[in-house]
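Just so you know, the sequences run in chain order A and B.
Under numbering that gives the first Met the number 0, read the first sequence as residues 0 to 394, first letter to last.
Under numbering that gives the first Met the number 0, read the second sequence as residues 0 to 272, first letter to last.
Where a beta carbon is used, it is the ideal one built from N, C-alpha and C, also for glycine.
Keep in mind that this is a model prediction, so the values were computed, not measured.
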Amino acid sequence: MSTPTAAGVSVMDVSALCVLVDVLRDRGYAVIGPTVRDGAIVLDELDSAERLPFGWGVTLDAGTYRLRRRDDGAAFGHAAGPQSWKSYVHPARERLWSRDGDGPVVAADETPRRPYAFLGVRPCDLRALGILDRVLGQGRHPDQGYARRRDGVFIVAVECIEPGRTCFCGSMGSGPAAEEGYDLALTELLDGSGSVSSSPGTPTYLIRSGSPAGTDVLAELPATPADAELVAHARDAVDAAAERMGRSLPADGLRELMVENRESPHWDDVAARCVTCGNCTMVCPTCFCTTTEDVTDLTGEHAERWRRWDSCFDLDFSYIHGGSVRMSGASRYRQWITHKLSTWHDQFGSTGCVGCGRCIAWCPVGIDITEEVAMLRAGSPDERTTAGDGAEGPR
Amino acid sequence: MTTALPLLYRVHGREVETYDTVTLTLEPMDGSLPASAPGQFTMLTAFGIGEVPISISGTAAPDGRLAQTLRAVGAVTRALYHATPGSVVGLRGPYGVGWDLSAARGRDVVIVAGGIGIAPVWPVLQAVLAHRRVHRRVTVLIGARTPRDIVFGAEIAELRERSDVHVDITVDQASNEWLGRTGVVTTLLADAPIDPELTDAYVCGPEVMMRFTADALLRLGVPAGRIQLTLERNMRCGGGLCGHCQLGPYLICRDGPVVTYDRTADLLTVREL
Ligand SMILES: Cc1cc2nc3c(=O)[nH]c(=O)nc-3n(C[C@H](O)[C@H](O)[C@H](O)COP(=O)(O)OP(=O)(O)OC[C@H]3O[C@@H](n4cnc5c(N)ncnc54)[C@H](O)[C@@H]3O)c2cc1C
Ligand code: SF4
Ligand code: SF4
Ligand code: FES
């Protein structure tokens with residue numbers, strides 16, 4: 000995508016965020032955005048922009064997520080939190096259908112009453128939504144519930160100028176700039192530049208549209224055309240962010256690296272640390288795996304099927320009659336990371352990782368996907384000790 | 000469009016194959032699934048209990064009936080095993096890539112089945128017999144744990160009457176009355192009338208059995224790309240959405256369940272992949 004020209008970019012001050020939320024709500028959207036709750040920045044429905052986490056930042060590291068007070072008034076001065084937008088388009092638990100007695104199978108209508116407007120979507124998460132669209136929406140048997148929830152979602156992206164210590168979207172090509180898939184994109188400037196009335200610390204926003212719906216909403220906002228200098232300044236700030244990523248995961252040869260290391264002794268090393276809790280899969284914005292549960296009421300007359308998120312770290316995930324295919328923790332971690340970085344390409348034509356860093360921050364023992372890859376790169380794929388000597392198959 | 004909702008099917012017939020295996024003939028009650036190809040499977044629901052992948056072992060177009068043969072091994076298959084005529088089940092599908100039958104035109108065909116594995120390859124045999132003349136020699140090799148575990152016994156007996164099909168059966172553990180062969184199914188390959196380079200093999204059974212069979216066929220000289228297997232993995236959706244059925248680069252519900260050995264041999268030998 001080309002860099003937007005100054006002609007397409009407007010500037011607005013922080014009060015315009017309130018107008019934005021009001022306009023979206025007036026248009027019938029349920030506005031979902033970040034807010035502070037229980038010591039974290041979570042996603043919730045916002046009735047006003049005042050609930051945005053102004054002045055809050057986060058400190059991130061392997062196994063660490065802490066809220067901190069910022070010395071400015073940033074609304075989007077935080078990197079990825081424990082939740083991602085997938086909770087809204089691909090809910091953690093969902094009823095698929097129900098059936099009474101001998102009656103027909105009735106589809107559960109879990110369509111949201113109002114379409115969602117996502118406010119504050121980071122470029123990495125924007126890319127993650129694109130990945131979910133491909134996986135759940137564009138296969139031979141698309142998930143109709145996903146399509147119903149996803150269709151017509153209005154997306155307000157926010158570019159990153161201050162990546163967290165666990166971020167590596169720069170390596171994955173998914174940030175820090177927002178390139179496509181948004182209706183409106185914001186860049187939050189905190190250095191006083193472009194500000195009409197205020198001093199450093201009070202945010203100013205550059206805003207541009209990426210769709211007809213975005214243009215329509217933008218027309219209702221108190222924004223004025225931005226001059227080229229300011230736009231260039233913001234662009235530099237975003238570009239500089241790419242250089243300040245807390246982590247990196249070089250892409251070259253990654254797919255092959257994972258395949259060559261299928262039988263690396265390194266998996267046993269990870270397994271000695273990993274507690275197979277599955278946190279990494281729950282927080283990951285692209286992990287989409289689900290399982291189903293059939294339930295009945297006490298009379299047995301009313302049957303329902305529910306679908307819920309599942310994790311490849313769960314022992315039952317690969318269960319077939321006779322036992323699970325992936326018994327060891329080593330094989331389950333290998334499955335997860337290999338899927339993210341390698342076999343996802345084979346299955347869905349892209350990487351399964353957008354570099355948001357959530358799995359690193361929320362791993363209780365601080366296992367870091369970028370570190371594990373670095374260790375695999377350092378080790379020799381020829382030292383094969385976990386190889387099955389060709390003896391036993393999966394079962 | 001394949002819907003995520005099961006369609007209602009009534010159990011029309013229930014044929015007891017063995018002490019733990021039945022063939023259910025299912026008829027659509029209100030709309031039927033799209034036509035299936037041999038080797039495809041459905042997601043079969045026992046209402047209130049759960050849903051499992053089961054191969055389509057026979058179809059009876061025009062009325063949309065289909066036959067599914069299943070072995071009771073757990074909660075869902077046990078409930079389905081006990082489904083009596085008139086009861087109602089749910090069906091989704093058909094899913095997956097089936098057997099490539101065109102491959103075997105003008106060539107020898109060998110079908111190797113272990114245990115319940117005979118059900119998913121049964122449509123291959125039906126198709127081959129329906130166009131018997133387009134193939135060269137046809138061989139059916141069957142392995143079962145014990146004589147009591149032989150599925151489709153009556154049909155196999157009929158098959159043995161034919162002069163244009165070579166049929167051989169072996170059991171792992173013989174009973175006193177068993178007069179046939181004992182040993183693993185691969186031992187039957189030695190006597191199979193095949194010209195390896197001109198053979199297409201269709202193999203279905205437990206994964207270890209399929210690997211040993213495929214390796215034995217390879218050693219005889221059957222090209223790996225001419226050996227088709229049907230793989231089993233945990234499946235929750237059948238349609239490429241739930242992630243459960245992965246084997247390395249493949250989603251078995253979508254890229255299989257039928258796969259050729261050249262694409263999978265290296266994956267099947269990696270432990271716990
Ligand atoms: C493509 C395909 C075709 C199949 N065709 C047939 C067939 O024609 N006849 C037949 O008898 N069986 C077939 N199976 C195996 C059958 O699906 C399992 O026996 C069945 O899922 C067991 O479920 P359960 O609830 O009775 O057993 P449990 O052991 O209680 O299973 C618990 C859960 O684990 C999963 N599971 C258990 N075993 C298997 C397995 N072997 N494969 C996949 N998932 C499993 C199921 O999702 C099940 O809900 C097929 C499997 C696949 C993948
Ligand atoms: S694997 Fe980790 S870094 Fe990559 S997208 Fe998932 S949570 Fe983010
Ligand atoms: S890598 Fe960490 S978060 Fe993921 S399952 Fe293992 S211990 Fe849990
Ligand atoms: S069975 Fe769900 S993805 Fe294959």
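Rounding to the nearest angstrom, what Cα-Cα distance links residue i and residue j in this structure?
i, j, result
"B/S86", "A/L95", "22 Å"
"A/D37", "A/W343", "34 Å"
"A/E391", "A/G365", "Low per-residue confidence applies at A/E391: pLDDT is 40, beneath 50, and the placement is therefore not dependable, though the value from the model is reported in the following sentence. Answer to the nearest angstrom: the Cα atoms are 33 Å apart."
"B/P52", "B/R77", "14 Å"
"B/L216", "B/T229", "16 Å"
"B/P93", "A/D12", "56 Å"
"A/E259", "B/L246", "15 Å"
"A/I31", "A/V155", "10 Å"
"B/F37", "A/D315", "It should be pointed out that residue 37 of chain B corresponds to Pro in this sequence rather than to Phe. B/P37 and A/D315: Cα-Cα distance of roughly 29 Å."
"B/G105", "B/V137", "11 Å"
"A/I40", "A/F347", "31 Å"
"B/L43", "B/A153", "26 Å"
"B/L266", "A/E262", "11 Å"
"A/G172", "B/M209", "42 Å"
"A/H89", "A/D367", "25 Å"
"B/R147", "B/V170", "9 Å"
"B/A191", "B/V257", "23 Å"
"B/R161", "A/D142", "48 Å"
"A/V282", "B/A102", "46 Å"
"B/D254", "B/V96", "6 Å"
"A/L256", "A/P103", "50 Å"
"B/L65", "B/S56", "8 Å"
According to DSSP, simplified to helix, strand and coil, what is residue i?
i, result
"B/Q227", "strand"
"B/V164", "coil"
"A/V35", "strand"
"A/P224", "strand"
"A/W96", "strand"
"A/D43", "strand"
"B/A143", "strand"
"B/D273", "Look at the range of chain B in this structure, 0 to 272, and you will see that residue 273 of chain B is not part of it."
"A/Q82", "coil"
"B/T268", "coil"
"A/S323", "strand"
"B/V123", "helix"
"B/Q172", "coil"
"A/L183", "strand"
"A/C352", "coil"
"A/S247", "coil"
"A/R304", "strand"
"B/G152", "helix"
"B/M208", "helix"
"A/G299", "coil"
"A/C358", "helix"
"B/R135", "coil"
"A/A106", "strand"
"B/H11", "strand"
At 4 residues or longer, what runs of the alpha helix (DSSP H) sit wholly inside the segment 27-109 of chain B? You should have 74-80.
Anything in the segment 317-340 of chain A with a Cβ closer than 9 Å to a Cβ of chain B? List those residues in chain order, please. Look at the segment 317-340 of chain A: the residues with a C-beta under 9 Å from a C-beta of chain B are S317, Y318, I319, H320, G321, S323, V324, R325, M326, S327, A329, S330, R331, R333, Q334, T337 and H338.
Complete runs of the alpha helix (DSSP H) confined to the segment 110-153 of chain A [at least 4 residues]: Counting only runs of 4 or more, we get 122-131 and 143-149.
For the segment 187-215 of chain A, list the alpha helix (DSSP H) runs that are entirely contained and at least 4 residues long, ordered along the chain. none
Under 6 Å from any heavy atom of ligand 2, by CB: list those residues in chain order, please. A/V282, A/C283, A/P284, A/T285, A/K339, A/C352, A/V353, A/G354, A/C355, A/G356, A/R357, A/C358 and A/I368
Could you please tell me which residues of the segment 231-243 of chain B, in chain order, have their CB closer than 7 Å to any CB of chain E? Here chain E cannot be found, since the structure's protein chains are A and B.
Short of 7 Å Cβ to Cβ, which residues in the segment 36-53 of chain B face chain A? Correct list: F46, G47, I48, G49 and E50.
Cβ-based contacts, 8 Å cut-off: residues of the segment 86-101 of chain A near chain B: L95, W96, R98 and D101
Which residues, in order along the segment 252-266 of chain A, keep a beta-carbon less than 7 Å from a beta-carbon of chain B? R261 and E262
What residues sit near ligand 4, counting only those whose C-beta is closer than 7 Å to one of its heavy atoms, in chain order? Spelled out in chain order, the answer is B/M234, B/R235, B/C236, B/G237, B/G238, B/G239, B/L240, B/C241, B/G242, B/H243, B/C244, B/L250, B/I251, B/C252 and B/R253.
Length at least 4, wholly inside the segment 257-284 of chain A: the alpha helix (DSSP H) runs in chain order: 265-272 and 278-282
Would you list, in chain order, the members of the segment 263-295 of chain A that have their beta-carbon closer than 9 Å to a beta-carbon of chain B? C286, F287, C288, T289, T290, T291, E292, D293, V294 and T295
Mind listing which residues of the segment 301-313 of chain A have their C-beta closer than 9 Å to chain B's C-betas, in chain order? H301, A302, E303, R304, R306, D309 and C311
I'd like the ranges of any beta strand (DSSP E) spanning at least 3 consecutive residues and lying wholly in the segment 231-260 of chain B. 257-259
Check each residue of the segment 115-145 of chain A: if its Cβ is closer than 7 Å to any Cβ of chain B, include it; give the result in chain order. Listed by position along the chain: L135, G138, R139, H140, D142 and Q143.
Taking Cβ-Cβ distances below 7 Å as the criterion, which residues of the segment 343-368 of chain A are in contact with chain B? D345 and Q346
In the segment 86-114 of chain B, which residues sit with their C-beta less than 8 Å from some C-beta in chain A, listed in chain order? V87, G89 and Y94
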